[in-house]
Each structure stands twice: as structure tokens, then as C-alpha cells.
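These notes concern the structure reproduced below.
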Amino acid sequence: MALVTGGCGGIGRAICQRFHAEGAVVYATDVTSFDFPEPNIHVLHQDVGAESDAKAVMAQVEKDHNRLDILVNTAGIEMEKTIEDTTLEEWNHSFSVNVNGTFLTSKYALPLMRKAGAGSIINFGSYDGFIADPSLAVYCATKGAVHALTRAMACDYGPEGIRVNAVCPGYVDTPMLQSFFGESGDIESLKQAVRDVHPLRSYGQPEDIANLVNWLAGDEARYASGQLWVIDGGLSAQVQQMRL
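In our numbering, the protein residues as written are 1224 to 1467.
Here is the structure:
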């Protein structure tokens, strides 16, 4: 039994489909909808920043299955502004989705994991939680908070057999990245520049992230907890990065 927030987006969708391929029943929650062809992927509405939605989603999972084994907190937003250009409303909205969403969904998932006897929570950080990029101040701050929360949760719930990790992607080929490319006057040149700045000379695909999440969710990762798993094609390993 797995639940993926932001499950109808690029990375979330790939995670849902990977879990389904492994035989799991999956709940994909999101503020938008997507018609999955797979029969055991169920879509529920969830604004992750709303406590009432977190309660309602977990109540539905409890009614249907009375347990939850895996939670993936994928839902997140990015905003390209400095702090001077950011309004308090924008700051609060970013924290509501990226941080409060992780907190609330995890909070109400934990009782169902106790019923299952163990569990795996996989939060979504970012390489930007380690290394700042220009005009991403709010996003970097939210991901830094998720990193700290992940480690604290791992300490608190490890004795109950509940593992908590964070996956920290770099550039991944999602609608969010394509929107970034679309703002350039020379899209193909920018795409090539992004590839060239990575030691592996490519950016990631959603399936690359789903592969790591699938491992962290399963028994093969039984001793992995409290860690921030960077998956960025070697981008953050470099001494100096090109500013795009």
C-alpha cells in the first residue's frame, strides 16, 4: 500500500507507475487529476497545505485498506525570485506546499504505518537544499527545511520500524523544467548548456528518480534511514558550476 503526493505530476506519476509495476496498490494525490491506465492507481484530490485534505485522504486509505506501507511526499512548487522580489504571501505559499505538505501528510500517515507494523516515508528535498542557485532563495529555504525534518523524523520513528529518507534530485525532465526552458530565447542552446554542466552530460528522467524511490521503499533498503539521497548526474559534486 503506497501513497504518493503530487502523484499526477512528472516525477510523481513515474513513481506511481513504478510502484504499480511492482504489484502495489497506489493512491496518487494531487490538486490536478490524471487518468492512469493502470487499474490499481487511485487518484484522490489533495491540497497538501490543507490539514483537512490530509485527514480526508488518510481516512479514505484507512477505510479501504486500514494500513499504509509507503508514503512519498513528492508534491512541491518552485519560484524563481530573490527575497526582495518575493511577497510574504508567496513565501508562505511555498512553505505551505513544500514544508507544511510534508509535515501534514506524514503526521496523518503515521498511525496507518503503525497499523502496518512498519513503513517507509520518502520526502522530496533537492540538490538546491545543499547548494544555492540564483533567484531560488525561497525554494532553497523550503528544501533545507525538508532535509532537516527528514532527519528528525528518522530519529523519532526509527524505533517503530518506520524509515524516513529524502530524495534530492537535480535537473529532471519534467513540465517544470520544460517551462524553465521555454522562458529562454534559444531553447535548444539552453538545453545543451544544462546537459553540458553535468558530469554525465545529461539531465535526469522521471524514471531515474522513480528507480531510487522504489529501492528506498522496499526491503532491500531496510537499513537505510535518515539520509538525503542526492541524484543529480554528478552536478553537485563539482567544485564550480556554470550559472544558467
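We put the beta carbon where it would ideally sit given N, CA and C, even for glycine.
- With fewer than three CB-CB distances shorter than 8 angstroms, the stretch 1436-1447 does not count as touching the stretch 1409-1416.
- In this structure, DSSP gives Phe1347 an extended state, which the three-state scheme calls strand.
- In the three-state reduction of the DSSP assignment, His1268 falls in the strand class, which pools E and B.
- Cβ-Cβ distances below 6 angstroms link Thr1255 to Cys1231 in the same chain, with the five nearest sequence neighbours on each side left out; the list follows chain order.
- Measuring C-alpha to C-alpha distances from His1370 to each of Ile1238, Ile1345 and Gly1229 identifies Ile1345 as the nearest.
- A direct Cα-to-Cα measurement between Pro1334 and Leu1291 gives close to 9 angstroms.
- Under DSSP, Pro1392 takes part in a beta bridge, and its partners are Ile1454.
- The Cβ atoms of Ala1377 and Val1387 sit closer than 8 angstroms to each other.
- Per the C-alpha coordinates, the member of Gly1229, Leu1294, Glu1261 and Ser1459 positioned closest to Gly1246 is Glu1261.
- Counting the other Cβ atoms within 10 Å of the Cβ of Glu1301 gives 16 or more, which makes it buried.
- Annotation: the continuous beta strand (DSSP E) that includes Tyr1250 extends over Val1249 to Asp1253.
- Contact check for Ser1349 against Pro1392 passes: the beta carbons are separated by less than 8 angstroms.
- The beta carbons of His1288 and Met1224 sit about 5 angstroms from each other, so the pair counts as a contact at 8 angstroms.
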